[in-house]
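Some notes on the structure that comes next.
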Amino acid sequence: MRHLTVIIFIASLFWMLPQSGHAQLEEVKQTVYGMDCAPCAYALENRMNKMEGITSASVSLNDGLLTATLANENTLTLNQIRKAVVESGFSPKKAEIKVTGTLQKEDGRYVIITPSGDKYILKLNTSDTAKHLGNIRLGQKITLSGNIPQETAETDYWTLAVDDV
Amino acid sequence: MSLLQQSTYSYFLFLILLPVLLSGVTGSTTAQGGHGPVFTLASPTLGQGELSYDIMAMSVREGESAWMLRQNWHYGLTEDIQLNLSIPTTLKAIPDAPQGRLGTLMGTYGDIEMSGLFRLFKTYPGVGKRFESTLLVSGTVPTEDRRNSIHVGPSLHAGLVTGYASRTLYGWVGGGYQHYVEQHDDRLGSITYVTGVVGYRPPVFQHDYPKPDWRIFLESVTEWIGDSQLRGQTLDGTGGMKSMLGPSVLGLYGKWGLSAGILFPIYTDFSDGTNAEDFRLSMVLSYWF
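For the protein sequence lines, the chains are C and U, in the order given.
Start counting the first sequence at 24; every next residue gets the next number (my numbering).
Start counting the second sequence at 50; every next residue gets the next number (my numbering).
This is the structure we're talking about:
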């Protein structure tokens, strides 16, 4: 009984500890089509800066690029960010993202999953990346940078072309 | 200053300060709205839940100038549906103000206009580029009983516009029809119109946001005004056609926009001259909440 009490106490401590290395989206550089004027950029920038979980957002009109830096702890998904772009009247295209998630394997493919529900099927660009990933234990948290392709519709599974692990 | 002048002055001051006051009350900053030409149909797009306001001073001259102030509210219901309300305030009336549609989202003098823009089609061929078609449906309610001695009724209006916008070039073509309802056996003539506009943003103004964004337009409006009706009798000669052409300029900086334009008649065909115009002038100050 005494051992059980100690185990429950230690388990409770772990449960109460803040989750270190929170797994989530960290940065998004979203290409946006359809913005042609300053108020378009102003509106999108303000909409993004109002979203909970985004610490800063800026828009380049000439490049059609939304750059969003996300908070250390956030529950935003890529779908939510792209939906905000659509609600502003524009079309989200390819994106460069930095994301931390848990490495898994599904149907023989590497996948990383974030706590907010985003799933990224990893497309490994180089053999070095594949080798590096092969050395990482399944279930471990990793941070990746990569690209989401241009013609991606709203989805639960994103294809992420990995540039850096 | 008489009491009447004082109250009029206070009213106009209130109208001008209203958007600023509201922005302070709501603390809202999202924005985007009618950022196109001054007189012609275009396809403005507000994002979902976004609000914009503009105030315009307009003049139409036919011998002497009539001046009107218009407040326009725009709200994005969804990214493809925009609702608009245009409220006129006459600053200087003339006895026989010419009839015609005075801008993209507003009717003639003295009409309150409620409208909806429905984006039927859109495609984005690249960064900064839009190609889209929009349906405009509106209804007007007159603020006075009679206009040019004719009882004025409400009206229904529909228009269609299609166009292209990019960071350098702009172009829209459109047209519409406005029909006035009979009132006490009187009826204002219907308006059929087509508009066209081309725009250009010179390289010197192609800096990236948030630097100021300027563009210039060449606008064209052709209106066919039907004969009006008085006590059941058609007033021959009140109907006719006018075609107008002129430049406009639009400057955008953050949540502010400023535009101005003038149209001159290039062809007028009215047998009694009632609806002829010497020029049509407009200045617009816009604010995106």
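Yeah, the Cβ is synthetic: ideal placement off N, Cα and C, and Gly gets one too.
Chain U residues whose Cβ lies nearer than 7 Å to that of residue 74 (chain C): Annotation: residue 74 (chain C) has no Cβ neighbours in chain U at a cutoff of 7 Å; minimum Cβ distance is about 11 Å.
May I have the straight-line CA-CA distance separating residue 206 (chain U) from residue 300 (chain U), to the nearest angstrom? So the two alpha carbons sit approximately 29 Å from each other.
Could you tell me which chain C residues have their CB closer than 7 Å to the CB of residue 214 (chain U), listed as they occur along the chain? The CB of residue 214 (chain U) comes closer than 7 Å to the CB of 59 in chain C, given here in chain order.
For a quick check, are the C-beta atoms of residue 264 (chain U) and residue 336 (chain U) less than 9 Å apart? Inclusion of residue 264 (chain U) and residue 336 (chain U) in the CB contact set at 9 Å is not warranted, their separation being larger than that value.
On the DSSP bridge list, what partners appear for residue 81 (chain C)? Paired residue(s): C:90.
So which residues on chain C does residue 259 (chain U) lean against when the C-beta distance must stay under 8 Å? Contact annotation for residue 259 (chain U) against chain C: 61, 64, 65 [CB-CB distance below 8 Å, chain order].
Anything in the stretch 99–113 of chain C with a Cβ closer than 8 Å to a Cβ of chain U? List those residues in chain order, please. Interface annotation for the stretch 99–113 of chain C against chain U: 109, 110, 111, 112, 113, criterion Cβ-Cβ distance under 8 Å.
If we define contact as Cβ-Cβ less than 9 Å, is residue 78 (chain C) a contact residue for chain D? Of the chains in the structure shown, none is chain D; the protein chains are C and U.
First and last residue of the uninterrupted alpha helix (DSSP H) at residue 152 (chain C): That run of the alpha helix (DSSP H) goes 150–157.
Bridge partner(s) assigned by DSSP for residue 302 (chain U): Paired residues: U:305.
Tell me residue 247 (chain U)'s beta-bridge partners as DSSP assigns them. Bridge partners of residue 247 (chain U): U:220, U:267.
Partners in chain U for residue 82 (chain C), counting only beta-carbon separations shorter than 7 Å: What residue 82 (chain C) touches in chain U: 258.
Taking 9 Å as the CB-CB limit, is residue 122 (chain U) close to chain C? No - not a single Cβ of chain C is within 9 Å of the one on residue 122 (chain U).
Bounding residues of the beta strand (DSSP E) (the contiguous stretch that carries residue 106 (chain U)): According to the DSSP assignment, residue 106 (chain U) belongs to the beta strand (DSSP E) that extends over 100–111.
For the stretch 253–263 of chain U against the stretch 286–294 of chain U, do three or more pairs of beta-carbon atoms, one drawn from each stretch, fall closer than 8 Å, so that the two count as touching? Counting Cβ pairs under 8 Å, fewer than three are found: no touch.
If I measure Cβ to Cβ from residue 66 (chain C) and keep anything under 7 Å in the same chain, skipping five residues before and after, which residues do I get? Taken in chain order, the residues that qualify are 111.
Contact set between residue 170 (chain C) and chain U, taken where Cβ atoms lie within less than 7 Å: Within 7 Å Cβ-Cβ: nothing; residue 170 (chain C) doesn't reach chain U, min ~16 Å.
For residue 254 (chain U), which of helix, strand or coil comes out of DSSP? Residue 254 (chain U): helix per DSSP, three-state reduction.
Mind checking who residue 170 (chain C) pairs with in its DSSP beta bridge? In DSSP, residue 170 (chain C) forms a bridge with C:119, C:184.
Can you look up residue 106 (chain C) in the DSSP assignment and give me helix, strand or coil? In the three-state scheme derived from DSSP, where H, G and I count as helix and E and B as strand, residue 106 (chain C) is classed as helix.
May I ask you to list, following chain order, the residues of the stretch 193–219 of chain U that have a beta carbon less than 7 Å from some beta carbon of chain C? Listed by position along the chain: 214, 215, 216.
Where do the ends of the beta strand (DSSP E) carrying residue 213 (chain U) lie? For residue 213 (chain U), the enclosing beta strand (DSSP E) stretches over residues 204–214.
Residue environment, residue 143 (chain C), which counts as buried when at least 16 other CB atoms sit within 10 Å: Buried, by the Cβ-count rule.
Starting from the Cα of residue 180 (chain U), find the closest Cα among U:254, U:208, U:214 and give me that residue. The shortest C-alpha separation from residue 180 (chain U) is found at U:214.
Measuring alpha carbon to alpha carbon, tell me which of C:57, C:126, C:130, C:119 ends up nearest residue 160 (chain C). Of the candidates C:57, C:126, C:130, C:119, the one whose C-alpha sits nearest the C-alpha of residue 160 (chain C) is C:126.
Contact under 9 Å by Cβ, residue 178 (chain U) with residue 131 (chain C): Their beta carbons are not under 9 Å apart, which means residue 178 (chain U) does not touch residue 131 (chain C) by this criterion.
Cα-Cα separation, residue 63 (chain U) to residue 280 (chain U): Here residue 63 (chain U) scores only 43 on pLDDT, less than 50, and its place in the model should not be relied on; the value that follows carries that caveat. CA-to-CA, the gap between residue 63 (chain U) and residue 280 (chain U) works out to about 40 Å.
If you measure from the beta carbon of residue 95 (chain C) to each beta carbon in chain U, is any gap under 9 Å? For residue 95 (chain C), no Cβ of chain U is located within less than 9 Å of the residue's own Cβ.
Using the Cα positions of residue 75 (chain C) and residue 113 (chain C), report the straight-line distance between them to the nearest angstrom. So the two alpha carbons sit approximately 21 Å from each other.
Straight-line gap, residue 33 (chain U) to residue 59 (chain C) (C-alpha atoms, nearest Å): Nothing in the structure corresponds to residue 33 (chain U), since chain U is present only between 50 and 338.
I'd like to confirm the pairing. Which residues does DSSP put opposite residue 183 (chain U) in its beta bridges? Per the DSSP secondary-structure output, residue 183 (chain U) pairs in a beta bridge with U:168, U:210.
Leaving out five residues on either side along the sequence, give the residues of the same chain with a beta carbon under 7 Å from the beta carbon of residue 327 (chain U). Correct list, in chain order: 110, 111.
Let me know the secondary structure DSSP gives residue 163 (chain U) once reduced to three states. DSSP places residue 163 (chain U) in strand when its eight states are reduced to three.
Beta-carbon neighbours of residue 86 (chain C), restricted to chain U and to distances below 8 Å: In chain order: 176, 257.
When burial is assigned at 16 or more other CB atoms within 10 Å of the CB, is residue 249 (chain U) buried or exposed? Counting of Cβ neighbours within 10 angstroms places residue 249 (chain U) among the exposed residues, the total staying below 16.
Since residue 236 (chain U) contacts residue 202 (chain U) with CB under 8 Å, what's their CB separation in whole angstroms? Right, their Cβ atoms sit about 7 Å apart.
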